[in-house]
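Before any comments, here is the structure.
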Amino acid sequence: MPQTTIARAVSHTGVGLHSGRDVQMRLQPAPADSGIVFHVHTPSGVRRIAPCPSAVSATALATTLSDGEARVSTVEHVLAALAGMAVDNVQIHVFGGEIPIMDGSAAPVLDLLKKAGIRTLAAPRRVARVRRSLSVAGGGKAIHVWPHKGFYVDYTIDFPHAAIGRQRLCLDITPDSFARIARARTFGFLQEVEYLHSHGLALGGSLNNAVVLDEQGVVNPDGLRCPDEFVRHKMLDFVGDMAMLGLPLQGAFEVHCSGHQHNNAFLRRLSGERENYLEIVSEEDESEPVYEGGTFPAVAMPA
1361 MPQTTIARAV SHTGVGLHSG RDVQMRLQPA PADSGIVFHV HTPSGVRRIA PCPSAVSATA
1421 LATTLSDGEA RVSTVEHVLA ALAGMAVDNV QIHVFGGEIP IMDGSAAPVL DLLKKAGIRT
1481 LAAPRRVARV RRSLSVAGGG KAIHVWPHKG FYVDYTIDFP HAAIGRQRLC LDITPDSFAR
1541 IARARTFGFL QEVEYLHSHG LALGGSLNNA VVLDEQGVVN PDGLRCPDEF VRHKMLDFVG
1601 DMAMLGLPLQ GAFEVHCSGH QHNNAFLRRL SGERENYLEI VSEEDESEPV YEGGTFPAVA
1661 MPA
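Residue numbers (this note's numbering): 1361 to 1663.
See below:
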């Protein structure tokens, strides 16, 4: 499979989750082997930030990247959409320091990609394929990965709320299947939202871009987009956070109750010991075993 980029530039202006102000994102085509790079427009010039595990500077509410001088927040949904649709090379120009939250899902980014079109490039696609199993667990959160030619995710969440509870979703992430999780919105609890707003945080968060729950259930008048929207969104975030590696990641993942912080801790471990756990191969390379579904190997779970 060859590398890809978008066929033409597209942009979106909308509210920023953190600031509550209008911010803009513009996606532009990029040449082969340039990867996904954020071009952060600041008063002192344009700073280029390539996603990588060590560039993640904050994980509260959303994932933030920084180069020490500039930062860009709420990057996980656009990265998830690009990864899910197998788009390898794009310039993401950011005006306002964060990606627009849009409707709290990746569906609007998919619409932008459809508008832009996908163009193949004259270079083979390389992937970072897991070559041996790895588990990173603690605090009731866990991520386990096994070798697999593809990106398979078995995700479980467990919230002590009647409207959520325990939910599980298994999905082989491909451009055809990604739409199953793309429309799932971020979610939070009314008490937390009120606290954040009172402290000048998450000023752009609202019922227009998040599922909000009180003690009784979902506050949004239109309800949920699907009964398991919560686990679908957690899987969406996971896809975006794993895209921080810089190359398409291939493996079979079992994830329990993880979030942005634990996702990044896992990726830092995987990347920091890449000589043990990863190999860079052409996507067509068939050397690694394929996980074909069923039960994962037994792994002791944290309390």
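Ideal Cβ placement from N, Cα and C applies to all residues, glycine included.
Check, Outcome
"Opposite residue 1389 in the DSSP bridges: which residues?", "1450"
"Scan the region 1601 to 1652 and note each continuous alpha helix (DSSP H) run of 4 residues or more that stays entirely inside, going in chain order.", "1620 to 1632, 1634 to 1637"
"Using CA coordinates, which residue listed in 1449, 1499, 1614, 1501 is at the minimum distance from residue 1410?", "1449"
"I think residue 1614 touches residue 1514, with their Cβ atoms under 8 angstroms apart; what is that distance to the nearest whole Å?", "5 angstroms"
"Assuming residue 1440 is part of the beta strand (DSSP E), what are its boundary residues?", "Premise fails: residue 1440 lies in the alpha helix (DSSP H), 1436 to 1444, not in any beta strand (DSSP E)."
"Can you pull the DSSP bridge partners for residue 1501?", "1498"
"My output table needs one value for residue 1417: the three-state DSSP class, helix, strand or coil.", "strand"
"Can you round the beta-carbon distance between residue 1533 and residue 1444 to whole angstroms, since I take them to be within the 8 angstroms contact cut?", "6 angstroms"
"Assess contact between the region 1551 to 1565 and the region 1583 to 1595, defined as three or more Cβ pairs (one per stretch) separated by less than 8 angstroms. Is contact present?", "no"
"Any contact of the region 1543 to 1553 with the region 1564 to 1577, i.e. 3+ C-beta pairs under 8 angstroms?", "yes"
"Spatial neighbours of residue 1611 within its chain, please: CB distance less than 6 angstroms, with the 5 preceding and 5 following residues excluded, ordered by chain position.", "1490, 1505, 1508"
"For residue 1460, name the three-state secondary structure that DSSP assigns.", "strand"
"Rounded C-beta distance between residue 1494 and residue 1595? I'm assuming under 8 angstroms.", "About 19 angstroms separates the two Cβ atoms, so there is no contact after all."
"Can the beta-carbon of residue 1383 be found less than 8 angstroms from the beta-carbon of residue 1429?", "no"
"Which two residues bound the contiguous alpha helix (DSSP H) that contains residue 1539?", "1539 to 1542"
"From the DSSP output, read off the bridge partner residues of residue 1455.", "1384, 1401"
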